[in-house]
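Trainee: Start counting at 1 in the sequence shown, then tack on 296, and there's your number in my numbering. Don't be surprised by glycine CBs; every beta carbon is placed ideally from N, CA and C. Structure below; questions to follow.
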Amino acid sequence: MVDFMACEEGMIIDEILSYEDVSQFYHKAAMSYKLAKSWEQAGCTYIKLADCHLKIDSKHEIAAAAFVDAAHCFKKISSTKAISCLQQAIDLFTHTGRYDFAARCCKEAGELHEQLHNYRDAIIFLERATEFFTGEGASSSANQCKQKIAQFSARLTLYAEAIEIFEEMAREAAHDSSLKYAVRAHLLNAGICHLCHGDLVAITNALEQYQVLPCLIPLILEYAASEYALLHRCLSDLINRRRNLDLNSPPYDTPL
């Protein structure tokens, strides 16, 4: 059996070997590293394989796939390196018009940033994923990304952005019979974000608007009664706390 790992380490590209030949060696070497669970070497070899394919004008899509393979190897040891490889794959898939694959890579990069608690960067990748998925007609995947974006926005106290997304998703779900059960969750999340924001006027207006939206009235009556009761109780409690705080606050000192 040929030791492809040894060949890969000692390989020198010269005029005799074509890039096609070299790419085959790199591919087999990368597979050998994977079998040995040598993730760093496997990832680096897949990058070399991708670079080799980039030398061939017609192989950019295959190069992108090699970067994805590299990312999956690096995920075992370094999320940062994996994200870097996914970014290169995204650029290549976008260049070749494979937006479905670009969307998946964006989503995966966003999830890796989530693991690193880099929520702002996660939002950036998930927003791109949403655009790609929407353009490809993959509404279910797009909605998954939107929900993540809203959750991360709320974590970053970007409540206005989170509210807008949750309310938009509720309206979209209300017009889809297969998603009608999700309306209650989206509106509840939007209401909670309003409460966290602490704007009593805004949350009061929002609850009133939710109950008079033509597309949501039957769904609210049928599915969301408990959620609305919960939000109203929370709102009443917040109002009472604010009122008690104002009553118990010492008067301002007046200047002599």
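Taking C-alpha atoms, which residue in TRP335, TYR342, TYR315 and ASN501 lies nearest to LYS324?
Mentor: The candidate whose alpha carbon is nearest that of LYS324 is TYR342.
Trainee: Can you tell which of ARG416, LEU422, HIS413 and LEU408 has the C-alpha that lies nearest to the C-alpha of ALA398?
Mentor: Measuring from the Cα of ALA398, the nearest candidate turns out to be LEU422.
Trainee: Straight-line CA distance for TYR315 to PHE321?
Mentor: Their backbone Cα atoms lie some 10 Å apart in a straight line.
Trainee: If we count Cβ pairs, one from each stretch, closer than 8 Å, do we get three or more for the segment 448-458 versus the segment 428-436?
Mentor: Output reads no: the segment 428-436 does not touch the segment 448-458.
Trainee: Would CYS381 and TRP335 qualify as a contact pair, given that the criterion is a beta-carbon distance under 8 Å?
Mentor: It is not a contact, given that the beta carbons lie outside the stated cut-off.
Trainee: From SER354 to LEU412, what does the alpha carbon distance come to, in whole angstroms?
Mentor: Rounded to whole angstroms, SER354 to LEU412 spans 36 Å at the Cα level.
Trainee: Following the continuous alpha helix (DSSP H) through ARG467, name the residue where it begins and the one where it ends.
Mentor: First-last of the alpha helix (DSSP H) with ARG467: 455-470.
Trainee: In chain order, what residues of the same chain lie with their CB nearer than 8 Å to the CB of HIS349, ignoring the 5 residues before and after it?
Mentor: TYR315, SER319, LYS355, HIS356, ILE358, ALA359 and ALA362, listed in sequence order.
Trainee: Are the beta-carbon atoms of VAL364 and CYS401 separated by less than 8 Å?
Mentor: Going by C-beta atoms, VAL364 is nearer than 8 Å to CYS401.
Trainee: Taking the alpha-carbon positions, what's the ASP533 to ASN485 distance?
Mentor: Whole-angstrom Cα-Cα distance: 18 Å.
Trainee: DSSP state of GLY494, grouped into three classes?
Mentor: Here GLY494 sits in coil by DSSP.
Trainee: For GLU410, which of LEU483, ASN501, GLN384 and SER375 has the nearest alpha-carbon?
Mentor: Looking at the Cα atoms, SER375 is the closest of the given residues.
Trainee: Identify whether ASN439 lies in helix, strand or coil by the three-state DSSP scheme.
Mentor: Helix, per DSSP.
Trainee: Take GLN447 and list the residues in its own chain whose beta-carbon comes closer than 6 Å to its own, dropping the five residues that flank it on each side.
Mentor: Cβ within range, chain order: n/a, list empty.
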